[in-house]
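Protein chains in written order, with this note's numbering: chain Y, 18 to 306; chain A, 18 to 306; chain Z, 18 to 306; chain D, 18 to 306. Working notes, beginning with the structure itself.
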């Protein structure tokens, strides 16, 4: 006996298509709306289809304007319309749902889960993020990563794997952090280390700087002391890690790289969302396959 | 007292400009012809400039048609013209000189060196080649290298570093070779291994196949058994490693990638040529800096 | 102008001698008591020497019985005697001071620091601990680590480095943990992973089990299912990770390995204590060299 | 139908017992002579047992004196006695057979194979050799390999894996070789490199020197310039890599480590011999299992 086996995916981009493919392989009955793929079951009547589903999956982020579902193809129904079709026996998934929409879910007493809040999703997303960093580096330099001097700011999940991979490719990696324990951990792994507050003194040594710290640690003092041809890549989130006003004024080459997983590896990113949804369903005893 | 310090670089591409920069840093007096760079000394009168040089550096390859120097900018003098300006006290460097031009050098009794024949150059070029392979992979897939099944054909220099780097990024790497000793060596490094003649039996397992063997080892038998979405990258030299006729007929995605170093990392490739020239000068006691 | 430059080291073992050597190199004036080394300044009159010192360093642990200083050579003065010589202008260091002695320090209003509580010390000690694990493994097996199936219980600091090193040597490493996030992190690094509660089902696959969890996770259920020749190494602290009663009864080969750093690398362990003391002095602005 | 399935193992040490166990698991009918193990079939009448066997396996080396089989337990029959029992339909295996015994085999027109000459055996033996080097290092130092300065002489099979493993453990590794191509290869892998002829200039920097070159490259000039506490490990074969007379005179700590596989990992070493014998049987179409 199957339970909660019928999924409707509303909106999104390629990731949702790959997620759909993955969920079908896992045994779900999947239909899509606001997405196009010749192999997938497309929904004509959204209202009826929601009625006939157990699970509704919204994209990542759910909405960019708070009113409409974020989607490559336009969706004529807005969020309020869609919510009016959803009864409280449905299970809802979304990524970065946001306060406004969350309140609407609560008001309707809906059962919902934000898959983006899950630690395993964050952990798994480090892998496509690091591949994205590699891609951005390789496409922006005309020399080799091997033998390059690369500074990595921060020593969290993304920074650790990035540093490991760059070292394996042959770069000379300097980990820049504020906490003593991060610096010691980096030294144990045989990285060079530098306290962020002292970085401006050695900044002219680096070909590439990668920032993962969501705080403007790469300040004017540093920007004034780097090489002309230094490439700065910022993969942090708001408020971001670079003093962009100064960078612009000084003519520094700084690349902002948000949301790398969906851009460089939508297939992997989609599967990760699918796996996370299944993890949640299992934990909550909501799924019988 | 300096000796053989004046270099003229004739023809080529960006690599020659980076090489020029490197040679200047190392202490040489460098001028260029058939190349443009605002920071470098450009030659107007080629004949005079050759007279006033100790060393003449031709590009890689020296010529594509056997008559003219290979160059991004057109050079009005042909090879015979240029040779007529060169006295036998000059030292000539070129990459892949070729029999025809070599005979002209010999007839004029010129002292010449083919830097492309040097083992250290081949070894060093593996590094930008592997970066090129990474670039081609990342730009042709929408999933992560991490967790992908990748087969590497051959176990020479490029294949070894490629396998190491892909493993470090998290791929599952299978080394495919013909020699028992290569297979055992790969197993010691904890790669999976497969004799090339048995590969067709497991070929449908792989997302990516990278070939380094200059011999059509990826034959129709294999091509018929791979996945639809398998990406094949061939970095070997003539006669190349894929049965391209069958690949074309079967609609297989096969990417031919010759000469990666100059394409993905011209700066590094140029410096490698510069280093090799200096190595040769030192070995032959031709240089006093 | 130097400040707090005179150190007396009381009690301990080889680590304290190596620490002394390191502190002398760093610029301190060091004397020792209850230790013997031909190159170091030995103290005859403890009372006077304490008066003439700025800093007093006790060993790790400070005491095993709460009354006497832990020392290879016997020290005739007990802790109360020694405390009676110490004025409140002195700076005291000790490792695992313990409540009883701490209260005595407090009563006398002394300034004291437990260097063993410092995170950088714990972090740095992972390195000699892992070397100790390697040593215990190599000395207890007659086959190679390479190709062995090794389970590592826990995924904290020691477990992570141990797993990395064993993988680099060629072992097949399975990380066993309870937290989903630890299992996912291990999978990202391409380790096999297993929830501790399911381990008994696959336990007969392993040649070696290394435990870092201070909780009897290796229970009778597991012990009954391992191979006859399985080697179990426990490097956790009390209450330790193995059901030793069952292990004994079942004739399992289980090696208890506390305090590896001091045993396998006393020199490194001593230097780490010295570095930690200097870190504390710097942070507290107590040292001018 | 089985062919050549009956094996008699004559002489040797623990390795032969592990080899026997491995061959039994693979499907052979195995008996032993001059060895003791409660689980294995022991031969009483050597002459009859040889008659009833297809394959005779001698140890590694076959003989130390040219007259008797090398064995932990004494064997009363000498080689000539044993040879008199062997008809020319038998298949003989031995490791380092030696000219004298080889001539006797030839004179009797026997079919024999020296398993020690096989490349896969040499390759596989690098793994236990490297483990042996690790063991010797760890047992002879009181500090960590991590952060140590280690020089590796030579860049052949053993040296490459040793360097990789030591780097993975956190050592600073300098590869010392004579060939330019070896030095460049080592630099590509991010090792430090040093031409052997220049090593004496930097030799006082190293904690540990490991030699794999069978030629006295560690000469008096180097020995006079190393640190007092430098540990030298020689794993090369005759004529060995150290000027031992000078080392002795200068009081240098030099450890000679021949035949590590059999000493540190007899089980693995025995299995490797067994695998090699099977490889040979397969290649020669001598075995039907």
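Ideal placement from N, C-alpha and C gives every residue a C-beta, glycine not left out.
Nearest residue (CA-CA) to residue i, options the options
i: residue 137 of chain Z; options: Z:290, Z:211, Z:76; result: Z:290
i: residue 232 of chain A; options: A:255, A:27, A:126; result: A:255
i: residue 194 of chain Y; options: Y:188, Y:187, Y:202; result: Y:202
i: residue 101 of chain D; options: D:92, D:82, D:121; result: D:121
i: residue 253 of chain D; options: D:29, D:146, D:48, D:79; result: D:146
i: residue 266 of chain Z; options: Z:236, Z:163, Z:99; result: Z:236
i: residue 250 of chain A; options: A:151, A:297, A:228; result: A:228
i: residue 68 of chain D; options: D:41, D:81, D:109, D:32; result: D:109
i: residue 27 of chain Y; options: Y:20, Y:45, Y:94; result: Y:94
i: residue 59 of chain Z; options: Z:44, Z:34, Z:82; result: Z:34
i: residue 257 of chain Y; options: Y:234, Y:278, Y:279, Y:277; result: Y:234
i: residue 271 of chain D; options: D:279, D:293, D:248; result: D:248
i: residue 174 of chain A; options: A:83, A:140, A:220, A:276; result: A:140
i: residue 183 of chain Y; options: Y:294, Y:278, Y:206; result: Y:206
i: residue 153 of chain A; options: A:303, A:238, A:274; result: A:274
i: residue 104 of chain Z; options: Z:90, Z:125, Z:119; result: Z:125
Short CB-CB distance (under 7 Å) between residue i and chain D
i: residue 201 of chain A; result: yes
i: residue 187 of chain Y; result: yes
i: residue 218 of chain Y; result: no
DSSP three-state assignment for residue i, whether helix, strand or coil
i: residue 88 of chain Z; result: strand
i: residue 134 of chain Y; result: helix
i: residue 251 of chain Y; result: strand
i: residue 225 of chain A; result: strand
i: residue 237 of chain Y; result: helix
i: residue 112 of chain Y; result: coil
i: residue 210 of chain Z; result: strand
i: residue 217 of chain D; result: helix
i: residue 158 of chain Y; result: coil
i: residue 103 of chain Z; result: coil
i: residue 295 of chain A; result: helix
i: residue 305 of chain A; result: strand
Proximity test, Cβ basis, 7 Å: residue i and chain A
i: residue 307 of chain Z; result: Nothing in the structure corresponds to residue 307 of chain Z, since chain Z is present only between 18 and 306.
i: residue 299 of chain D; result: no
i: residue 52 of chain D; result: no
i: residue 182 of chain Y; result: yes
i: residue 277 of chain D; result: no
Cβ-based burial, residue i [other Cβ within 10 Å; buried from 16]
i: residue 262 of chain Z; result: exposed
i: residue 241 of chain Z; result: exposed
i: residue 134 of chain A; result: exposed
i: residue 61 of chain Z; result: exposed
i: residue 76 of chain Y; result: buried
i: residue 283 of chain A; result: buried
i: residue 259 of chain A; result: buried
i: residue 117 of chain Y; result: exposed
Beta carbon proximity, residue i to chain Y, threshold 7 Å
i: residue 192 of chain A; result: no
i: residue 58 of chain D; result: no
i: residue 177 of chain D; result: no
i: residue 43 of chain A; result: no
i: residue 269 of chain A; result: no
Neighbouring residues, chain C, relative to residue i (Cβ below 8 Å)
i: residue 162 of chain Z; result: This model lacks chain C altogether, as its protein chains are Y, A, Z and D.
Residue-level contact to chain Z via CB, residue i, 7 Å cutoff
i: residue 198 of chain Y; result: yes
i: residue 68 of chain A; result: no
Notebook entry, point to check: Residue ranges of each beta strand (DSSP E) run of no fewer than 3 residues wholly in the segment 19-101 of chain Y, ordered along the chain?
Noted result: Under the rule that a run must span 3 or more residues, the beta strand (DSSP E) segments found entirely inside the segment 19-101 of chain Y read 23-27, 46-50, 72-74.
Next item on the list: Kindly provide the ranges of any alpha helix (DSSP H) runs that are 4 or more residues long and lie completely inside the segment 167-204 of chain A, ordered along the chain.
Entry: Listed in chain order, they are 174-186.
Checklist line | 4 or more residues per run - each alpha helix (DSSP H) lying fully within the segment 255-287 of chain D | finding: Inside the segment 255-287 of chain D, DSSP marks whole alpha helix (DSSP H) runs of 4 or more residues at positions 261-267, 277-281, from first to last along the chain.
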